[in-house]
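Just so you know, we're using the numbering used here here: the sequence shown kicks off at 2 and counts up by one.
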Amino acid sequence: MRAILLFSAIVIGALFTHAHAATPSLTGHFVGCGRACYGTLDITEKAISWHTAFSKCKARPFRLAEDTRTGGKRRLTFELTGSASACRFRVISLIHDDSAGEDTGWEATGYADRASYQADKRSAYTRDAPDMMSCALVRDPAQQGGSE
2 MRAILLFSAI VIGALFTHAH AATPSLTGHF VGCGRACYGT LDITEKAISW
52 HTAFSKCKAR PFRLAEDTRT GGKRRLTFEL TGSASACRFR VISLIHDDSA
102 GEDTGWEATG YADRASYQAD KRSAYTRDAP DMMSCALVRD PAQQGGSE
(Lines of atoms letter the chains of each structure in order from A and count residues from 1; the text may use other names and numbers.)
(Lines give C-alpha, C1' and ligand atoms only; values in the text may rest on other atoms or scores of the structure.)
Protein backbone atom coordinates (compact mmCIF):
# COMPACT_ATOMS: atom_id res chain seq x y z
CA MET A 1 0.00 0.00 0.00
CA ARG A 2 2.84 2.40 0.85
CA ALA A 3 4.43 1.69 -2.52
CA ILE A 4 1.19 2.63 -4.31
CA LEU A 5 0.88 5.86 -2.31
CA LEU A 6 4.51 6.74 -3.00
CA PHE A 7 4.09 5.99 -6.71
CA SER A 8 0.92 8.12 -6.83
CA ALA A 9 2.70 11.03 -5.13
CA ILE A 10 5.57 10.83 -7.62
CA VAL A 11 3.21 10.74 -10.62
CA ILE A 12 1.13 13.66 -9.32
CA GLY A 13 4.30 15.65 -8.59
CA ALA A 14 5.63 14.98 -12.09
CA LEU A 15 2.34 16.05 -13.67
CA PHE A 16 2.29 19.25 -11.62
CA THR A 17 5.89 20.03 -12.59
CA HIS A 18 5.11 19.48 -16.28
CA ALA A 19 1.99 21.66 -16.12
CA HIS A 20 3.89 24.38 -14.27
CA ALA A 21 6.71 24.34 -16.83
CA ALA A 22 4.22 24.97 -19.65
CA THR A 23 3.67 28.54 -18.46
CA PRO A 24 6.46 31.04 -17.89
CA SER A 25 6.70 32.29 -14.33
CA LEU A 26 8.30 35.51 -15.47
CA THR A 27 6.55 38.72 -16.31
CA GLY A 28 7.84 42.25 -16.20
CA HIS A 29 8.84 45.51 -17.80
CA PHE A 30 12.41 45.61 -19.15
CA VAL A 31 14.31 48.62 -20.47
CA GLY A 32 17.09 48.63 -23.07
CA CYS A 33 19.49 51.42 -23.89
CA GLY A 34 21.91 52.35 -26.64
CA ARG A 35 21.30 53.21 -30.27
CA ALA A 36 19.74 49.95 -31.45
CA CYS A 37 18.33 48.68 -28.16
CA TYR A 38 16.72 51.79 -26.73
CA GLY A 39 13.16 50.83 -25.84
CA THR A 40 11.11 48.41 -23.78
CA LEU A 41 10.28 44.72 -23.59
CA ASP A 42 7.05 43.89 -21.76
CA ILE A 43 6.01 40.37 -20.85
CA THR A 44 2.61 39.55 -19.39
CA GLU A 45 1.07 36.13 -18.83
CA LYS A 46 -0.54 36.31 -22.28
CA ALA A 47 1.45 38.67 -24.50
CA ILE A 48 4.86 40.13 -25.33
CA SER A 49 5.70 43.51 -26.82
CA TRP A 50 9.19 44.70 -27.73
CA HIS A 51 9.80 48.21 -29.01
CA THR A 52 13.29 49.22 -30.19
CA ALA A 53 14.62 51.74 -32.68
CA PHE A 54 14.55 49.08 -35.41
CA SER A 55 11.49 46.98 -34.60
CA LYS A 56 8.04 47.70 -33.23
CA CYS A 57 6.53 44.48 -31.90
CA LYS A 58 3.11 45.33 -30.51
CA ALA A 59 1.63 43.06 -27.84
CA ARG A 60 1.18 39.61 -29.33
CA PRO A 61 0.30 36.25 -27.83
CA PHE A 62 3.10 33.73 -27.53
CA ARG A 63 3.91 30.09 -26.97
CA LEU A 64 6.68 29.20 -24.52
CA ALA A 65 9.05 27.15 -26.70
CA GLU A 66 11.78 26.60 -24.13
CA ASP A 67 12.58 27.21 -20.47
CA THR A 68 16.08 25.98 -19.58
CA ARG A 69 18.72 26.64 -16.98
CA THR A 70 22.37 25.90 -17.82
CA GLY A 71 25.69 27.32 -16.68
CA GLY A 72 24.07 29.71 -14.20
CA LYS A 73 21.74 31.19 -16.82
CA ARG A 74 18.02 30.82 -17.40
CA ARG A 75 16.74 31.03 -20.98
CA LEU A 76 13.06 31.49 -21.81
CA THR A 77 12.30 31.31 -25.51
CA PHE A 78 8.98 32.61 -26.78
CA GLU A 79 7.45 32.02 -30.22
CA LEU A 80 5.15 34.89 -31.11
CA THR A 81 1.87 33.98 -32.75
CA GLY A 82 -0.04 35.98 -35.32
CA SER A 83 1.67 38.44 -37.60
CA ALA A 84 2.76 42.03 -37.32
CA SER A 85 4.44 43.73 -40.27
CA ALA A 86 6.44 46.19 -38.14
CA CYS A 87 7.89 43.38 -35.99
CA ARG A 88 11.16 41.88 -37.27
CA PHE A 89 11.02 38.98 -34.82
CA ARG A 90 8.98 35.80 -34.58
CA VAL A 91 11.07 34.30 -31.75
CA ILE A 92 12.41 36.10 -28.66
CA SER A 93 14.79 34.58 -26.11
CA LEU A 94 15.14 36.20 -22.71
CA ILE A 95 18.24 35.21 -20.75
CA HIS A 96 19.07 36.01 -17.14
CA ASP A 97 22.50 35.58 -15.56
CA ASP A 98 21.79 34.15 -12.10
CA SER A 99 24.99 35.70 -10.70
CA ALA A 100 23.59 39.19 -11.37
CA GLY A 101 20.91 40.89 -9.33
CA GLU A 102 17.23 40.19 -9.89
CA ASP A 103 16.80 43.32 -12.00
CA THR A 104 20.14 43.24 -13.87
CA GLY A 105 21.91 40.67 -16.02
CA TRP A 106 19.10 40.35 -18.58
CA GLU A 107 19.55 39.93 -22.33
CA ALA A 108 16.92 39.61 -25.04
CA THR A 109 17.63 38.20 -28.48
CA GLY A 110 15.11 38.50 -31.29
CA TYR A 111 15.15 36.08 -34.22
CA ALA A 112 13.43 36.50 -37.59
CA ASP A 113 12.05 32.96 -37.40
CA ARG A 114 12.39 29.57 -35.76
CA ALA A 115 15.11 28.48 -38.22
CA SER A 116 17.27 31.45 -37.20
CA TYR A 117 16.80 30.57 -33.52
CA GLN A 118 17.65 26.90 -34.16
CA ALA A 119 20.83 27.89 -36.05
CA ASP A 120 21.93 30.05 -33.11
CA LYS A 121 21.13 27.25 -30.67
CA ARG A 122 23.23 24.78 -32.71
CA SER A 123 26.16 27.21 -32.52
CA ALA A 124 25.83 27.35 -28.70
CA TYR A 125 24.36 30.86 -29.05
CA THR A 126 27.52 32.34 -30.60
CA ARG A 127 25.99 33.15 -33.98
CA ASP A 128 25.73 36.78 -35.05
CA ALA A 129 23.53 37.14 -38.11
CA PRO A 130 21.61 40.01 -39.75
CA ASP A 131 18.28 38.33 -38.95
CA MET A 132 18.80 38.55 -35.19
CA MET A 133 19.38 41.26 -32.60
CA SER A 134 20.58 41.03 -28.98
CA CYS A 135 20.09 43.69 -26.32
CA ALA A 136 21.17 44.02 -22.70
CA LEU A 137 18.22 44.95 -20.51
CA VAL A 138 17.38 45.88 -16.94
CA ARG A 139 14.09 44.99 -15.31
CA ASP A 140 12.17 47.95 -13.93
CA PRO A 141 11.33 46.93 -10.35
CA ALA A 142 8.67 49.65 -10.13
CA GLN A 143 6.66 48.00 -12.92
CA GLN A 144 7.62 44.40 -12.23
CA GLY A 145 4.73 42.12 -13.09
CA GLY A 146 6.11 38.96 -11.53
CA SER A 147 9.27 37.20 -10.57
CA GLU A 148 11.54 34.48 -11.76
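For every residue, glycine included, the Cβ atom is placed at its ideal position computed from N, Cα and C.
Taking C-beta separations shorter than 6 Å and ignoring five residues to either side along the sequence, the partners of residue 40 in its chain run 33, 52 and 53, following chain order. Residue 42 places its beta carbon less than 8 Å from that of residue 138. A residue is called buried once 16 or more other Cβ atoms fall within 10 Å of its Cβ, and residue 121 is buried on that count. For residue 98, there is no enclosing alpha helix (DSSP H); the enclosing beta strand (DSSP E) has its first and last residue at 92-98. When DSSP reads this structure, residue 67 sits in a beta bridge with 78. Runs of beta strand (DSSP E) with 3 or more residues, each lying fully within the stretch 35-61, are found at 40-44 and 48-52, listed in chain order. Taken through DSSP and simplified to helix, strand or coil, residue 124 comes out as coil.
In the DSSP secondary-structure assignment, residue 135 is bridged to 110.
Secondary-structure assignment with DSSP links residue 115 through no beta bridge to anything.
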